[in-house]
Amino acid sequence: MGKDIREDIAWAQINKDVLKSLENPKKLYWVILLIAIAMVGVAVGCEIYQYQTGMGVSNKSNSHVWSLYIATFIFWIGMSHSGTLLSAILHLMHADWRKPIYRFAEAMTTFSLMTAGLFVLVHLGRLWMVYYVMPYPNERWVWPNFQSPLVWDMFAIATYLSSSVIFLYVGMIPDLAICRDNIHAGWRKKLYTVLSLGWEGTDRQWRNFRITYLTIACFLIPLAVSVHSIVASDFAMSNMPGWHVTSFPPYFVAGALYSGCAAIITLFVILRYVFKFEEYMTLPIMRKLVRLTFAIAMVWTYLNLIEFSSVWYGHDQTAKDQLIFKATGPYAPYFWAMIFFGSILPLLLAFKRFQTHLPLLFVVSIFLNVGMWLERWMIIGPSFAHGHYPWTWDHDQWPSLVQWGIVFGSFGWFTLLFMVFCKVFPSVSMYEVKEMVYHRTLALKNKPAVKGEH
Amino acid sequence: MSQRHLLALFNDFDEAVAAISELRAANIKGFDFDDLILKSPIEHPEVETVLGDRPIKVQWFTLAGACMGGLLAFTLVASAQANFFSQIKAGKPIVPLPPDFVLTYEMFILGGVFITILGFLICAGLPAKRSPLYSAKVSEDQIGILVKGDEAAVTAFKAIFTKHKALEIQEEAGK
Amino acid sequence: MSITNLLQNWSDFRQQHPSDERPHQEYKWAMSIDLDLCTGCNACSVACYAENNLPAVGKEKFSHGHSHHWLRIERYWHNEDREYADQGAQFLPMMCQQCEAAPCETVCPVGATNHTADGLNSQVYNRCVGSRYCNANCPYKARYFNWYDYPTTADVWPAPMEQQLNPDVTVRGKGVMEKCTFCVQRLTVAKSNARTEGRSVHDGEVQTACQQACPTGAISFGNLIDPESRVAKQWEKQQVKLNHDKQAKDAVHDGDKLRGYRILENLRTYPSVMYLEQLREGAI
Amino acid sequence: MIENSFNRRDFLKVLGWGGATVALSGCGNTSVEDGREYVTSYVETADYIIPSIGTYFNSTCAQCDAGCGIMGRVREGRVLKLEGNPDSPINSGKMCGLGQAGVQAHYNPDRVREPLLRNGDKGEAITWEKALQLVSEKVASANPGSVAFLTGGVSGHVKVLLKNYLDAIGSDQHYVYEAVAPSVVRAANKKAYGVEMPRLRLDRAKVVVSFGADFLGTWVSPVHFSRQYAKFRKGVNGERGVLVQVESKMTITGANADRWLAIRPGTEGILALGLVNALSAAGLTVPAEVAAAVKDYTLDRVSNDTGVSVEHIGKLTALLKDRSPSLVIAGGAAEGYAHGSQNAAAVALLNQVLGNVGKTVEAPASMPFPQMAPITGNRSSLQALNDSIAQDGVKVLFNCGANPIYSAPASMNMKESLKKVPFKVAFAHYMDETAMEADLVLPLNSSMEGWGTVVPEYFAEGAQLNIQQPLMEKLHPGTLGMGDVLLALLKQRRPAEYSGYEDYYAYLKNAMVAIKGALGGENEDDDVFWDSVLSQGVVKLTSSSNALVSSASAAGLQLPPPAVEDGTYPLRLIPAVTPNMRDGRHANEPWLQESPDPLTTIVWDSWVEMHPKTAAKLGVVEGDIVEVASKNGAIKGQVYVYSGIHPDVISVPLGYGHEAMGRYSKGVGANAFKILDPVFDQQTGELAMYETRVKVTKAGKRVIVVKDEGPAGGNQSGRRIALRMASGKVNLAEEV
Amino acid sequence: MYRFLRLSVLLVGLIAAVGSVAVHAAQPLTTADDLGPVVDQPIEFPHDRHAGDAAKGGMQINCMYCHTYARRSNVAGIPPLQKCIGCHRSIESVRETPRIKKLFEYWEAKKPVPWKKVHDLPDFVRFNHERHIQRFVFAQEKPVQEACGYCHGDVKTMTVARRQKPLSMGWCVSCHQKDHPVSATSTKTTHGPNDCWQCHK
């Protein structure tokens, strides 16, 4: 059991520790950044090739019209949900352990949304016509089809992206002011000066800040739920066997939270190691995080079982055929891998000794995300391969290198954005850690006797 | 009559509160209590008891924004669907309610968030020019009290601040 | 698009389709295909290639499922584990079923596919952005995507082959979804001619390319609204109702004298193509 | 319909065809694009030619010898699509896929565009004048008797000109070769009925038993038979016709049969005689002589020999006895054996015994102008040419419409044989295998560019003469019609007779007008008559027909017992004639390559079809590359396993595996013609196509078979998609 | 203190203004004499001379005398050269002018004149002249030049035709949306079709 944040830590120390993470990057940082750029380069190359040659190079087919792009799109959308969960829900519940970690979680939300958005574009057969999807008055006098779940998606994701960027930014204003006050030269100074909007921590600012932050948090929770249930409606609204399932929206939301939490664990370990944030990203926090992840994993497992059993027990033979196909057909290895990574592996998290074992958690959390990615693919791939119409079944359609290249590159893109963010903006919320320390000190002062584990 | 600003920095929040209460009670001539600004590195809702009733209006923006967003979305979407090109799609009505409600919902939130931010900027007076006196310490760990008063009141301020163990008192230079 | 319009015509805008109260006005194009006559010869399919500027994609692309046959002939066997397929095969021409409540229509983000006044499922190529959601949602998988830019692909229409292209039909570029249109270019001409003469289109005046080619005449096509049309009579005789998702005759136990049915009707797509079951002699 | 004032041949002179704006970028983000395209602009035009409206011209399909009437849709000077001519009795407005693909033969990018003279390994473009001059010289220098023509089936005025040319030079060497033709059946029919091909009335039959005749797909006149088939299925008074197909490899006709009987290869005749015997036993009146001849064909023996179950023979007997009239047809699968003539004769006997002659087997109309009647091809004619070459009897060889180097079996060694001919002229559409060997290649017009008359091989009703007329201007200025070339050659020989004709069109018009009395236009003005002929596309001729021999006789029927298995080459190869490829002459039309084979749904490749049992024995599965080796060669192909084939048999489609021809056919699949064993029908000397013995061995890795059917194959997985019910439950008479 | 209220109000106002301008600009109803490009034609055909008002030296020939296909086909078409020559053969007065000389050169060479399209809709659009002429000229009995002019502008004042109308989708719809009387005498009105496949092919 590691120690928690010290109540007597000097506030100036907090500033100093966090601001240190903004200082000149080390070699390792550049290496990671370059790798990320190279990955993005691969993806950009693939996309240019695909754009010019046609969607066919991704090796989809007429019966298999979607593939990894959509699977990865859902994956990234899902990934974005935990930032909101940690930040907004726990904020409303006054769970103060969120404070040191919510900032990077929110950044993760924003960046994974930005990654997800790219997949929508990459997926389009006529990317150059994407503006047809936007509702704006035009010389054709036509509008997009508001009945389409894809348009809902567009609205939902746009809303979610702008709201979470706002949320991230608003929550960062006091910290930006700190940066402004502590960095005295260069473009950063200007950047922070502009972005901090002249924040001085006056009582009026704090008062309005509190209510604003709370309000947006309130909005974000239903928004996050709606975003992923709308993404789920892309599938549930269709008549594809295996998609047309009532439990899809909650299943998607649970899956989203799950993969998000796993990603937070991964990034937690990385940031703690890279920026030496042991003081703030403490093991007790990790423990809470792991427990939360475990709980969500079990919810997800349950919903998965519900989905399978309702298909199995229901009378839709088509959907049942498809379930059997998933479990026994050419996709079976991936299907069972998904079950293993998604439902069996997280059982490790239930053991106390593993809950703070960082190297293990790092590995496990990555595998959980692999499992969750497989889950999305298992929704797309086998369903198309084995739909309503036996004549057009297509069991031999595997994604081409172009698809893999773009999917691979998306991780680089995310890493790139995240790395840049970490160097430009404080990835631990300084003012909230101070608040946390302050409130704990107050609590200690008032009730010195009680000193629990957390 | 010219006014001067004075910023006092405190280490201890309780002392700062005490200073404020005293400023309020002292009823110094040439000093309007409403001009007193507290600056702190973290939020101190407790201070409201001494600062008095300073209303928050952001929530009204939220309400207006959310309602406007939702209403506007529904009207726009429905009337766009009912344009000249209205085409039956999949046997559903031209203006189908479930999809429109989904969009209304999203825009309700978006409107809410945007106008809330607008409200926040308006109510918090942001973006703002830096006030005449500011110390970086305030964003670190010290509490600052910024007062504005006639020349005459400066001495009174100083007395109170010093009494409450102000670490530092800054005065507006010149003028 | 104005609010007054919305309010004034609210009940129109809330109208469900297909419904008894509001049938199609003048035309409702429909088809019936007699599977007992279909010999699987592929003439319809080739005729469709000729009429609708379909690219022959070649082996490599065909192997990746990029074929473009708007009308494909499916071949089914009914020999459950018998030594020989000794009752022959069953051929089934499958094209866009022009569903009255087409699942593809709702999901198109840009509204490129709609239900027309004539009861067709339109596809506006130039509006399409290529999200392929329509085909994902099509239970018949009757839609075909332009995975490549066929007009500029080598050996698809090398000169002078491009001169065969039908100017009445758009040549589709890459990234566009397409499908059977019931030869809408022919329908438009027929309707226009009839209109000039102040009448409506006679039965048999307009034929789809597949119907025209079919050597056994297995395909009939016409206006379901016109009670004199062959198609309307066939539908009537077979007791297949356009706007029902379960036909009354199916509930009757000795109702098996009628062989009209629609494929995957239970999905509530209300297809416009009625198939007549294949027959097999029991005496041999 | 055609205006006299307007020169018919210029009707398509439009400002380039570019004026017709071939839209290749239909889906761009374009808006209005002024001043980039040309307007369709004519110098002169007829009233009925209106831009943007298709005009239909009647002509005749040249894709096979059935002679279907077609209407070409012409717009802005381009022919866009072919449709059936409703006035043609053969196809009544319908068409097959092969016919539809005719436009792709016309617009094919691989067409020969100008005369080519061999210069080493290359062809050198020369002018027509020079080419004709050269031909004239070569013919003049050769011994008159040593000039030979090798053609496919020809008819009409081209045939007349060809005959006249040969007469003019004094040669009688005209060889007509067709790789796939029912020559044995023709010979057997001639013997049995007195005519080569009687008129078959499927529409009148209540039962049709076809011994391997793929009349719905490839046999004789498929579109016509499909029309009849539709009537046959609808039946008289709703009594649906029953189709039974007897063959070793399922054809598309077999796939539509109520009962497909997989028969041991070569035993078709035994089954036919067995049926005669069974019918006689069941009480059908059978001439004593016949009854005696077939009495050994007992049910058990027949079942044993043919592999058809006793139950099915019994049911078939009952069906034939109960439902009259019936019709029995012998086709490719019956005739393709060394005893093919006997098989066909046995089938004819069955027809006669059943009393079908005169009811469903009718006398065909005779052609009143025998000089225009089609000459049907066969393989023995090619053999004769080969022999003549071997004896140094051919100095100049004209080849038109036949591709023997591709389609003759390897054992004939055509390539080497032709090398011995000093000067070979090929009239060619594509640079196919035979044209590649020629010394002079003369490019022909497509059937959509030239004039002509065609007499169909099989008359649907009365005799008829089909008109072929240009549907558009020549695509390539360097091509010429066969008629024009022959006329030019004749002008060299018989200037007095022919120099009056400016071109073949003038000759044709003159020739037609000259016989207008017989063509039903005796009272018409020449031009009016000619215009009406052109606008109809089909001229119906008055003709007589003779009675058929209906008396049954079993004399000379000698059927061998089923063949013994060959240990080294245990399997029989059935070279399948598929509706898309036929004999391979249209393999370069991409629509046909892309059109899935009806039974296997394979595209763009050939395959080796086998029964699951055979596959299990060989240890192969779908997609395995196997080598099919006969005594005369070997080919490789991908395995396709399905149960529409007899286990003793494997089948490879014909028409693939071209070594030349063009971009869509070269190297696609394997050429099954090459490995056929030189076994011949004992009576006619025709190649017995189904007699090839092969062995199959695994050769190479597994591939994914490119086909339209998915992994579910023909299985519907319990979904109600393609439904089938017993015909007894439906009253077809009530249907619309 | 609340000066940023002003800024916000300003911002909102700006967005609203831009939006309304955008909406307004999106009304594609502008027409202008120089909307379309100048198209180089092989012969500079004087529409004003042929179709223009008599007062201005024109001969007031009906549009459909030359563009004869308009009433029975999708396209209005260009008259075959035959037709030009038919008249000009007997018009000696202009026989030697450069344009007519050129015309006869084409005729003698039997070459069609390569006229360029001036009103060229994209390839995915199907516009039917016949329907519009039938409705507006024959049923509603509008003067031909008015009916044609609605889309083609005031051609009778031009030499070589030049596009004056936007011919954009919204522009088409602006007219389709209106209620037009079904005939000259009828009070019954209908609007143009709104079905996608009516115009998109």
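Chains as they are written, first to last, in UniProt numbering: chain A, 1 to 454; chain B, 1 to 175; chain C, 1 to 284; chain D, 1 to 736; chain E, 1 to 201.
Where is the CB? At the ideal position from N, CA and C, for every residue including glycine.
Identification of residues in the segment 120-141 of chain A having a C-beta nearer than 8 Å to some C-beta of chain E yields Y136, P137, N138, E139, R140, W141, given in sequence order.
For A:A185, no CB of chain B lies under 9 Å from its own CB, so it is not counted at the interface with that chain. Fewer than three beta-carbon pairs drawn from the segment 166-182 of chain D and the segment 528-536 of chain D are found closer than 8 Å, and the two stretches are therefore not classed as touching. Annotation: D:Y48 has no Cβ neighbours in chain C at a cutoff of 8 Å; minimum Cβ distance is about 15 Å.
Out of B:A156, B:F10, B:A90, B:G144, the CA that lies nearest to the CA of B:F31 is found in B:A156.
Listed in chain order, the alpha helix (DSSP H) elements of length 4 or more contained wholly in the segment 63-124 of chain B are 97-124. Proximity of chain A to B:L103 at the Cβ level (cut-off 7 Å) is accounted for by F146, W152, F155, in chain order. Counted as a single uninterrupted DSSP element, the alpha helix (DSSP H) harbouring A:W206 occupies residues 203-236.
Beta-carbon to beta-carbon, D:R264 and D:D305 are separated by about 7 Å, close enough to satisfy the 8 Å threshold.
Contacts with chain C (Cβ-Cβ distance below 7 Å) from the segment 44-77 of chain A involve T53, G54, M55, G56, N59, S61, N62, S63, H64, V65, W66, listed in chain order.
In this structure, C:A89 lies away from D:M581, with their beta-carbon atoms at least 9 Å apart. For D:V608, the enclosing beta strand (DSSP E) starts and ends at 607-610. Close CB contacts of C:Y270 within its chain, under the 7 Å cut and outside five residues either way in sequence, are with P18, C99, E100, A101, L242, N243, D245 (chain order). When only Cα atoms are considered, D:I50 and C:A213 end up about 25 Å apart.
Within chain C, the residues C41, A43, P215 have their CB atoms less than 7 Å from the CB of D:C96, given in chain order.
Beta-carbon to beta-carbon, D:A338 and D:D681 are separated by about 6 Å, close enough to satisfy the 8 Å threshold. Closer than 9 Å to the CB of C:L120 there is at least one CB belonging to chain E. Just so you know, the alpha carbons of A:N62 and C:Y150 end up roughly 15 Å apart. C:V252 carries a coil assignment under DSSP once its states are collapsed to helix, strand and coil. Among the residues of the segment 388-406 of chain A, those with a Cβ less than 8 Å away from any Cβ of chain D are H388, Y389, P390, W391, T392, W393, D394, H395, D396, in the order of the chain. Listed by position along chain A, the residues whose Cβ is nearer than 8 Å to that of B:G112 are T215, F219.
Shown here, B:Q3 sits in a strand according to DSSP, grouped into three states. At a beta-carbon threshold of 7 Å, the residues of chain E lying near D:P51 are Y69, S73, V75, G77, ordered along the chain.
Cβ-Cβ distances below 6 Å link A:I264 to S82, A105 in the same chain, with the five nearest sequence neighbours on each side left out; the list follows chain order. With the criterion set as a beta carbon lying under 7 Å from some beta carbon of chain D, the members of the segment 27-38 of chain C are L35, D36, L37, in sequence order. Bridge pairing for D:K707: D:I602 [DSSP]. Minimum Cα-Cα distance from A:R210 among the listed residues B:D141, B:E171, B:I42, B:L110 corresponds to B:I42. A direct Cα-Cα distance of roughly 47 Å separates E:E130 from D:T253.
Counting only residues of its own chain and dropping the five nearest sequence neighbours on each side, B:Q81 has a CB closer than 7 Å to the CB of I94, V95. C:E228 sits in coil when the DSSP states are folded into three classes, being neither helix nor strand. Under a criterion of Cβ atoms nearer than 7 Å, no residue of chain D is adjacent to C:G204; the nearest Cβ is some 11 Å distant. The segment 511-523 of chain D makes no contact with the segment 543-555 of chain D: fewer than 3 CB pairs, one atom from each, lie closer than 8 Å. For D:N108, no beta strand (DSSP E) run applies, since DSSP gives it neither H nor E.
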